[in-house]
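Below is one structure, written out as structure tokens; the observations come after it.
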Amino acid sequence: MSLAHPKAPATFVAAQKKRALESNQAMMKALREHRFEDALEHARTALALEPNNVMVKDFIRLLEEKQALGETDDDSETEGAGPGQSRTAASDEDSEDEDEEGDTDEAAEDEDDSEESEESEEEDPAVLKALERLRLAEPRDPQEPRPQQITATKRYAMRASLSASIKELLLAELAKEMAADEPLLRT
1 MSLAHPKAPA
11 TFVAAQKKRA
21 LESNQAMMKA
31 LREHRFEDAL
41 EHARTALALE
51 PNNVMVKDFI
61 RLLEEKQALG
71 ETDDDSETEG
81 AGPGQSRTAA
91 SDEDSEDEDE
101 EGDTDEAAED
111 EDDSEESEES
121 EEEDPAVLKA
131 LERLRLAEPR
141 DPQEPRPQQI
151 TATKRYAMRA
161 SLSASIKELL
171 LAELAKEMAA
181 DEPLLRT
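Here it is as structure tokens:
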């Protein structure tokens, strides 16, 4: 897959590939940190550098849909949330942070547990297909190497987050279809 004109110097093509890789890595980092707007910006940069990259195109589409859902969900949550509910959510996040600061032995056990739960999960085929395109699912060919920059724990966390987002998007699409078919469900 050539990124530039066929007569472009090899150094230009190599530099463009390097920038695309850096944009992909920055996108993954922003995604891990739940900075979805930054991840979307980096994905768009990567797409500008590699316009034929199907994975990035799908990722941008999913992120845009997630943001659209997030804006409507945020509005409904803030209207119904009281001060006690937000305090509970903050304490839940604090307890999760404390759990993550455990010993390294616990981290190794968690990694083993996450790999076992990955294997035992039954996934929706659409979710698995999207995750494979993002290279977060297990490779189809056992001989195929995994991406080097992602550890098993990070891959599992990203996979779970994306899987939940994809399922949420699929449910939202189904709800829209049902609302379009049923006049009583329209708002």
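Read in UniProt numbering, the sequence shown has 16 at position 16, and its numbers run on one by one without any break. Virtual Cβ for every residue (Gly too), placed ideally from N, Cα, C. If you're wondering where the values come from, they're calculated on a predicted model, not measured in any experiment.
Presumed contact (8 Å Cβ cut-off) between residue i and residue j, rounded CB distance
i	j	result
Leu31	Ala20	The Cβ separation is near 16 Å, so there is no contact.
residue 194	Glu168	Summary: the structure shown does not reach residue 194, with the chain confined to residues 1 through 187, and so no result is reported for it.
Leu62	Ser165	7 Å
Distance, residue j Cα to residue i Cα
i	j	result
Tyr156	Asp181	37 Å
Thr153	Lys29	14 Å
Ala175	Ala43	28 Å
Ile60	Leu184	33 Å
Glu22	Met55	15 Å
Phe36	Pro9	35 Å
Gln16	Glu41	17 Å
Glu64	Val13	29 Å
Cβ-based burial, residue i [other Cβ within 10 Å; buried from 16]
i	result
Asn53	buried
Lys18	exposed
Met178	exposed
DSSP three-state assignment for residue i, whether helix, strand or coil
i	result
Thr45	helix
Thr151	coil
Glu50	coil
Pro9	coil
Arg32	helix
Glu173	helix
Glu182	coil
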